[in-house]
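Trainee:
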Amino acid sequence: AAGSPADAAADTVPGGRPAGHPDGDEDTEETEEEAEADPVVEPEPLPETRSEHPLASYMLRVNGTERPVTDAWLGESLLYVLRERLGLAGAKDGCEQGECGACSVQVDGRLVASCLVPAATAAGSEVRTVEGLTVDGRPSDVQCALAGSGAVQCGFCIPGMAMTVHDLLEGNHKPTDLDIRQALSGNLCRCSGYRGVIDAVREVVTARDTDDDPAFSDETRVPHQGGPGPQGGAA
Numbered sequence: 021a022a023g024s025p026a027d028a029a030a031d032t033v034p035g036g037r038p039a040g041h042p043d044g045d046e047d048t049e050e051t052e053e054e055a056e057a058d059p060v061v062e063p064e065p066l067p068e069t070r071s072e073h074p075l076a077s078y079m080l081r082v083n084g085t086e087r088p089v090t091d092a093w094l095g096e097s098l099l100y101v102l103r104e105r106l107g108l109a110g111a112k113d114g115c116e117q118g119e120c121g122a123c124s125v126q127v128d129g130r131l132v133a134s135c136l137v138p139a140a141t142a143a144g145s146e147v148r149t150v151e152g153l154t155v156d157g158r159p160s161d162v163q164c165a166l167a168g169s170g171a172v173q174c175g176f177c178i179p180g181m182a183m184t185v186h187d188l189l190e191g192n193h194k195p196t197d198l199d200i201r202q203a204l205s206g207n208l209c210r211c212s213g214y215r216g217v218i219d220a221v222r223e224v225v226t227a228r229d230t231d232d233d234p235a236f237s238d239e240t241r242v243p244h245q246g247g248p249g250p251q252g253g254a255a
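Under the numbering used here, the first residue of the sequence shown carries the number 21, and numbering increases by one thereafter.
#1: Please confirm whether Ala220 and Ala182 have their CB atoms less than 7 angstroms apart.
#2: With DSSP as the reference, identify every bridge partner of Ala76, one or two as the case may be.
#3: When you compare only the Cα positions, how much space is there between Glu96 and Glu190?
#4: Locate the beta strand (DSSP E) running through Ala133, then write down its first and last residues.
#5: Could you spell out where the beta strand (DSSP E) holding Val127 opens and where it closes?
#6: Just grab the DSSP bridge partners of Arg334 for me.
#7: Taking the beta carbon of Leu94 as the centre, do at least 16 other beta carbons fall within 10 Å, making it buried, or is it exposed?
#8: Which of the three DSSP states is assigned to Thr240 in this structure?
#9: Does the pairing of the stretch 96-109 with the stretch 142-157 give three or more beta-carbon distances under 8 angstroms?
#10: Look up Leu198 in the DSSP assignment and say whether it is helix, strand or coil.
#11: Looking only at its own chain, which residues have a Cβ that is under 8 angstroms from the Cβ of Leu75, when we skip the five neighbours before and after it?
#12: With three or more C-beta pairs closer than 8 angstroms as the rule, is the stretch 116-127 touching the stretch 204-222?
#13: Expressed to the nearest angstrom, what Euclidean distance is found between the alpha-carbon atoms of Ile200 and Arg215?
#14: Taking the beta carbon of Ala227 as the centre, do at least 16 other beta carbons fall within 10 Å, making it buried, or is it exposed?
#15: Do Tyr100 and Ala143 have their beta-carbon atoms positioned less than 7 angstroms apart in this structure?
#16: Between which two residues does the alpha helix (DSSP H) containing Asp113 stretch?
#17: Measure the C-alpha to C-alpha separation of Asp187 and Pro65 and round it to an integer number of angstroms.
#18: Please report the straight-line C-alpha distance between Val225 and Ala171, rounded to a whole angstrom.
#19: Is the beta carbon of Leu102 less than 7 angstroms from the beta carbon of Val137?
#20: Do Gln173 and Ser212 come within 7 angstroms of each other at the CB atom, strictly closer than that value?
#21: I'd like the span of the alpha helix (DSSP H) that includes Ala139, first residue to last.
#22: Measure the beta-carbon distance from Val89 to Ala139 and round it to whole angstroms, keeping in mind my assumption that it falls under 8 angstroms.
#23: Can you tell which of Val127, Ala167, Leu153 has its C-alpha closest to the C-alpha of Thr141?
Printed below as a string of structure tokens:
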């Protein structure tokens, strides 16, 4: 009588061959010999790749003073370097997207959102922050007017406002209300309603005009154009 399926399974070896098959034992022996002959080889370590966070040292000229920046990640924004490395906390970190205006500074005479400017690219340029607006250690007329007109509420947006107003008045000595509103369109404020800011600008314009401020000459300020290589050239 034929054996049961269980008996048949017991008489087979791995690979489906019956026990005693001439190739069965040889395969097993070859497998064991190959395992002994080919020891496990550890994979070689991958070659070192270029650092994803390269560091650099450079010099920033901020408010007329050379300030060294050492071992800084090249991706750090000008806002971060000003606040965290140089201790100039006037520019505020509002949105990190260039939308709120709280981080406004001037680079070579142009108003920029410092959160969008890689700090290393400002090396060799003149950076002006709200701390640089003071005159003999005192707040500028713009800063005083903003405080006196009630524009300062929480105060978070005011440094950027002050920078924007200074930038506006350097290029336009007698701005209209429309000019003022357009200049401030990039500065977000939830507290003042902007009325106090506009009043402050009017106050400064009137005071400078009355005092015959030399800064209010007929010559309009032209921002310096920064760029690689020596500045200037043949006329």
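Beta carbons are placed, not taken as given, at the ideal position from N, Cα and C, and that holds for glycine.
Mentor: By the coordinates alone:
#1: Contact annotation: Ala220 and Ala182 have beta-carbon atoms that are not nearer than 7 angstroms.
#2: Ala76 pairs with Ala92.
#3: Spanning the two alpha carbons is a distance of roughly 29 angstroms.
#4: Run containing Ala133: 130-133, per the beta strand (DSSP E) assignment.
#5: Per DSSP, the continuous beta strand (DSSP E) segment holding Val127 begins and ends at 124-127.
#6: Summary: the structure shown does not reach residue 334, with the chain confined to residues 21 through 255, and so no result is reported for it.
#7: With fewer than 16 Cβ atoms within 10 Å of its Cβ, Leu94 is classed as exposed.
#8: In this prediction, Thr240 scores a pLDDT of 47, lower than 50, which makes its location untrustworthy; the coordinate-derived value is nonetheless stated afterwards. Coil at Thr240, not helix or strand.
#9: Enough Cβ pairs lie closer than 8 angstroms, so yes.
#10: Secondary structure at Leu198: helix, using DSSP grouped into helix, strand and coil.
#11: Counting only Cβ-Cβ distances below 8 angstroms, and skipping sequence neighbours, we find Asp91, Ala92, Trp93, Leu94.
#12: With the cut-off at 8 angstroms, the stretch 204-222 and the stretch 116-127 touch.
#13: The C-alpha of Arg215 is placed about 11 angstroms away from the C-alpha of Ile200.
#14: Exposed is the call here.
#15: Taking 7 angstroms as the Cβ cut-off, Ala143 and Tyr100 do not qualify as a contacting pair.
#16: Asp113 -> no alpha helix (DSSP H), and no H or E assigned at all.
#17: Using only the alpha carbons, I get a separation of about 55 angstroms.
#18: In this model, Val225 and Ala171 are separated by some 16 angstroms (Cα to Cα).
#19: Val137 sits away from Leu102, with the two beta carbons spaced by 7 angstroms or more.
#20: Yes, the pair counts as a contact, with Cβ atoms nearer than the cut-off.
#21: That residue, Ala139, is in no alpha helix (DSSP H); it is neither H nor E in DSSP.
#22: That belief holds up - the Cβ atoms of Val89 and Ala139 are roughly 7 angstroms apart, short of 8 angstroms.
#23: Taking only the C-alpha atoms, the option nearest Thr141 is Val127.
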